[in-house]
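Numbering (the numbering used here), first residue to last: 171 to 325. Even for Gly, the Cβ is constructed at its ideal location relative to N, Cα and C. It should be emphasised that the depicted structure is a prediction, and the values quoted were computed from it without experimental measurement. Worksheet for the structure shown next.
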Ligand SMILES: [Zn+2]
């Protein structure tokens with residue numbers, strides 16, 4: 171059994187590909203539409219062919235219609251590269267007009283969606299996030315969603 175979550179004290183401790191995805195996720199925060207929360211989130215994922223797809227949170231005056239950065243990136247990836255396996259996704263956030271990252275982990279809805287992507291492709295997706303202890307962490311949706319609800323639950 172693999173470790174559910176691996177912690178890293180510094181960004182430099184991550185592998186090169188993960189650091190690159192964090193960089194792309196930071197860039198993507200500039201495309202966040204967050205006039206209400208002022209919480210800018212960026213996500214960047216890499217496919218097995220090396221393509222990198224990014225997303226940023228998109229808010230709406232009708233709050234329940236807001237969409238998280240992770241799901242923007244995941245749905246864009248499957249809509250444009252339907253047969254590609256997603257290897258990793260990095261997620262970062264900062265408050266508007268703040269340069270420094272603020273800790274942010276995937277919400278429950280995104281964990282559920284990533285879990286289904288893992289089940290669809292029959293391969294875990296490495297999730298890279300900046301946690302509340304100012305540590306970087308690597309995990310998977312399967313690790314974050316024990317006893318998760320999935321396709322097999324409906325069979
Ligand atoms: Zn989310």
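List the endpoints of the continuous beta strand (DSSP E) containing residue 210.
-> For the purposes of this step, residue 210 is identified with residue 40 of the chain shown, where counting begins at 1. Residue 210 -> beta strand (DSSP E) spans 209-217.
Spatially closest choice to residue 237 from 201, 294, 315 and 306, by CA coordinates | Position 67 of the chain shown holds residue 237. Among 201, 294, 315 and 306, the Cα nearest to that of residue 237 belongs to 201.
Cβ neighbour criterion (16 or more within 10 Å) applied to residue 290 | Counting from 1 along the chain shown, the entry for residue 290 is found at position 120. Counting other Cβ atoms within 10 Å of its Cβ, residue 290 stays below 16 and is therefore classed as exposed.
Pick from 306, 256, 220 and 265: whose alpha carbon is nearest that of residue 208?
-> What you label residue 208 is simply residue 38 of the chain shown in a count that begins at 1. When only C-alpha atoms are compared, the closest one is 265.
For the stretch 221-232 and the stretch 295-315, state whether three or more C-beta atom pairs, one from each stretch, are separated by less than 8 Å.
-> no
Is residue 193 helix, strand or coil when you go by DSSP?
-> For the purposes of this step, residue 193 is taken as residue 23 along the chain shown, with counting starting at 1. Reduced to three states, the DSSP call for residue 193 is helix.
Where do the N-terminal and C-terminal ends of the alpha helix (DSSP H) with residue 278 fall, by residue?
-> Residue mapping note: residue 278 aligns to position 108 of the chain shown, counting from 1. Run containing residue 278: 278-291, per the alpha helix (DSSP H) assignment.
Regarding residue 236 and ligand 1, is the C-beta to nearest heavy atom distance less than 7 Å?
-> As a position in the chain shown, residue 236 is number 66, starting the count at 1. No, the beta carbon of residue 236 sits no closer than 7 Å to any heavy atom of ligand 1.
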